[in-house]
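Notes to accompany the following structure.
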Amino acid sequence: MRRLRKYLALSPAGRAIVLRSLLLLPVVATLLRVRGMECARAWLERLGPRAAGDISTLAPSRIASLVGAAASILQTRCLPRSLVLWHFLRGRGTSAEIRLGVTKLADGSLCAHAWVEFGGLPLNDSLDVFERYAALPSLTGRFRASHPKTLSL
Numbered sequence: 205m206r207r208l209r210k211y212l213a214l215s216p217a218g219r220a221i222v223l224r225s226l227l228l229l230p231v232v233a234t235l236l237r238v239r240g241m242e243c244a245r246a247w248l249e250r251l252g253p254r255a256a257g258d259i260s261t262l263a264p265s266r267i268a269s270l271v272g273a274a275a276s277i278l279q280t281r282c283l284p285r286s287l288v289l290w291h292f293l294r295g296r297g298t299s300a301e302i303r304l305g306v307t308k309l310a311d312g313s314l315c316a317h318a319w320v321e322f323g324g325l326p327l328n329d330s331l332d333v334f335e336r337y338a339a340l341p342s343l344t345g346r347f348r349a350s351h352p353k354t355l356s357l
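If you want the numbering used here, it's the 1-based position in the sequence shown plus 204.
What follows is the structure, given as structure tokens:
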């Protein structure tokens, strides 16, 4: 009931972002798992900017917060969350970058993480993401990888 009240208190644009995120996140997560990152990105691009709705009144940080709220309900991982956020930002004409970072865990294994940057700052993560992860080159515009299915974040 509390979530419903919070949802109804949102602006129409905010409600649209949450609802669309709840629809897009599971599809993107499934596409990532089954077909890889290039397929998920291409599918979002085919939806086009109109699929994002009229969200020009929302700040990028607010869009990130709304996508994050939907992602927490669905317990969605960082890469689908970042791709959906990137899609909405593109829809409002905002230039943002999807970033991947890696860190080495105590047992020697690597842990990867995805986030979206706007103006050089993370939108859907805290500023210490730069301390926790070594950022790889931006993925935006260069989604093609030799083994895209290996990215399961």
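From the three backbone atoms N, C-alpha and C, an ideal C-beta is built for every residue, glycine too.
On the DSSP bridge list, what partners appear for residue 187? The question about residue 187 has no answer here: the residues shown for the chain are numbered 205 through 357.
Whole-Å CB distance - residue 302 paired with residue 290, under 8 Å assumed: Here residue 302 refers to the residue found at position 98 when the sequence shown is read from its first residue. Here residue 290 refers to the residue found at position 86 when the sequence shown is read from its first residue. Indeed they touch by this definition, with Cβ atoms about 5 Å apart.
Relative to the C-alpha of residue 215, which residue among 307, 263, 334 is closest? Residue 215 sits at position 11 when you count from the first residue of the sequence shown. For residue 215, the closest C-alpha among the options 307, 263, 334 is that of 263.
Apply the 10 Å Cβ neighbour rule to residue 206 and answer buried if 16 or more other Cβ atoms are within range, or exposed otherwise. Counting from one through the sequence shown, the residue named residue 206 turns up at place 2. Exposed, by the Cβ-count rule.
Name the one or two DSSP bridge partners that residue 326 has. Position 122 of the sequence shown, counted from the start, is the residue given in the question as residue 326. According to DSSP, residue 326 bridges with 321.
Would you mind reading off the limits of the alpha helix (DSSP H) that contains residue 234? In the sequence shown, counting from the first residue as 1, residue 234 sits at position 30. Here the alpha helix (DSSP H) through residue 234 covers 216–238.
Rounding to the nearest angstrom, what Cα-Cα distance links residue 287 and residue 330 in this structure? Here residue 287 corresponds to residue number 83 of the sequence shown, with the count starting at 1. Here residue 330 corresponds to residue number 126 of the sequence shown, with the count starting at 1. Rounded to whole angstroms, residue 287 to residue 330 spans 17 Å at the Cα level.
Would you say residue 268 and residue 232 are within 9 Å of each other, going by their C-beta atoms? Taking the sequence shown and counting its residues from 1, one reaches residue 268 at position 64. Taking the sequence shown and counting its residues from 1, one reaches residue 232 at position 28. No, the pair does not count as a contact, with Cβ atoms beyond the cut-off.
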